[in-house]
Amino acid sequence: MEGRIVKGIAGFYYVCGEDGILYECRAKGGFRREHKKPLVGDMVTIDILEECPPSGNIVDLHERKNELIRPAVANIDQALIIFAMTEPKPNFQLLDRFLVTMERREIPCLLCMNKADLSAYTEQEKLCRQYADAGCKLLFTSVRTGLGLEELKEHLSGKTTTVAGPSGVGKSSIVNEILQQTVMETGNLSEKIRRGKNTTRLSFFHAVDAHTFILDTPGFTSLELPDMNKEDLRFCYPEIKKYEGTCRFNGCMHVNEPDCAVKQAVLDGALPRERYERYVQLFEELRQRRRYS
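The letter at position 30 of the sequence shown is residue 1270 when you use our numbering, and the numbering goes up by one with no holes.
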């Protein structure tokens, strides 16, 4: 029988079969020898072992259209990246890492800035200027007031969306609101360190309707850049990529080269300085990675 992995816990995979029944499954040993690991979202073939309780073995992994390592998911249509405007304050370096990762994987991205009711309008305007040309749709939301939630639902409709972001930004609260039920535990912000307590400890698909699915994932505070060369980083910034071929030197990295159109755009205010400076930091990180690898 064919089905889709909707949850994975401690070596067990829960597969929603084409008959609508949820089967508890193990993966066959051959996957390990082939260096394959089932992911939540995978389409699979299972052999049914028991009807009651429903159980089986995963015997085949179908070809994936895409995959992510963190969050570890497969076959998604888009990513919903959630940060808070405040409490906790956004880590823009981490945010840009998310966007680079999704751009590298060619996965469309929604950027949701939650707790917008706690921020000044000027802060929202500043954020809009930073990410206006970053290749993602920017939304401002508040679970407390309902701000932006209907627009967010429209962008999720008919798609499979993975939800990711750091702890404490309200990911689970937003998922609960969209599903109109409490399916994910929510937690208070740690008073000592002003970071979120990670209340989501596993990845799980939730059905909004027959054609709309949400995958909530554990929160985290760091993210490794994907396996890539420093020369490829500029192609993961849509607002930088549009200047390709306009610099003095072909293959310009937009860091140390003279007569660089990107650096001139920053000086002219056409490109956000904050985004460019973080680009340079990530470029240096990739350079150091290659140097010591």
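Built from N, CA and C at the ideal position, the CB exists for glycine as well. Values in this document were obtained by computation on a predicted structure and should not be read as measured data.
By DSSP, does residue i sit in helix, in strand, or in coil?
i     : result
E1417 : helix
V1280 : strand
E1346 : coil
A1510 : coil
I1480 : helix
D1258 : A small fix is needed here, since residue 1258 is Glu in this sequence, not Asp. Coil at E1258, not helix or strand.
H1446 : strand
L1396 : helix
A1267 : strand
R1531 : helix
T1457 : coil
E1242 : strand
R1341 : Residue identity differs from the one stated: residue 1341 is Thr in this sequence, not Arg. The answer is helix: DSSP assigns T1341 an H, G or I state.
C1500 : coil
C1487 : coil
L1465 : coil
Y1253 : strand
A1356 : helix
L1526 : helix
L1387 : coil
A1372 : coil
T1452 : strand
T1362 : helix
Leaving out the 5 sequence neighbours to the left and right, which residues in its chain are closer than 7 angstroms to residue i when beta-carbon positions are compared?
i     : result
K1393 : I1418
I1433 : Summary for I1433: the model assigns pLDDT 34, below 50, so the residue's position carries little reliability; its value from the coordinates is reported in the next sentence. Contacts found: none.
R1370 : According to the sequence displayed, residue 1370 carries Gln and not Arg. So the qualifying residues of the chain are P1512, E1514, R1515.
E1391 : L1379
R1344 : P1466, M1468, C1476
For residue i, decide whether its Cβ has a neighbour in chain B, counting only Cβ atoms nearer than 8 angstroms.
i     : result
L1526 : In summary, chain B is missing from the structure at hand, where a single protein chain is found.
Just to check my reading of the structure: residue i and residue j have Cβ atoms closer than 8 angstroms, yes? What is that Cβ distance to the nearest angstrom?
i     : j     : result
L1350 : I1321 : 7 angstroms
Y1263 : I1245 : Incorrect: roughly 10 angstroms between the Cβ atoms, too far for contact.
I1347 : Q1318 : 6 angstroms
L1463 : T1341 : 7 angstroms
R1530 : K1470 : 7 angstroms
Quick one: residues in its chain with C-beta nearer than 8 angstroms to the C-beta of residue i, no 5 flanking neighbours on either side, listed in chain order?
i     : result
S1295 : Y1263, E1264, C1265, I1288, L1289
Closer than 6 angstroms by C-beta to residue i: which residues in its own chain qualify, once you throw out the five before and the five after it? Chain order, please.
i     : result
A1447 : F1453
Decide yes or no for the touch test of the segment 1449-1456 against the segment 1385-1405: beta carbon pairs closer than 8 angstroms, at least 3 of them.
-> yes
Contact between the segment 1373-1380 and the segment 1347-1360 (3+ Cβ pairs under 8 angstroms) = yes
Counting only runs that start and end within the segment 1271-1336, where is the beta strand (DSSP E) found for 3 or more residues in a row?
-> List check, beta strand (DSSP E) in window: 1283-1291, 1294-1301, 1318-1324.
Validate contact between the segment 1326-1335 and the segment 1291-1306 using beta carbons, cut 8 angstroms, 3 pairs = no
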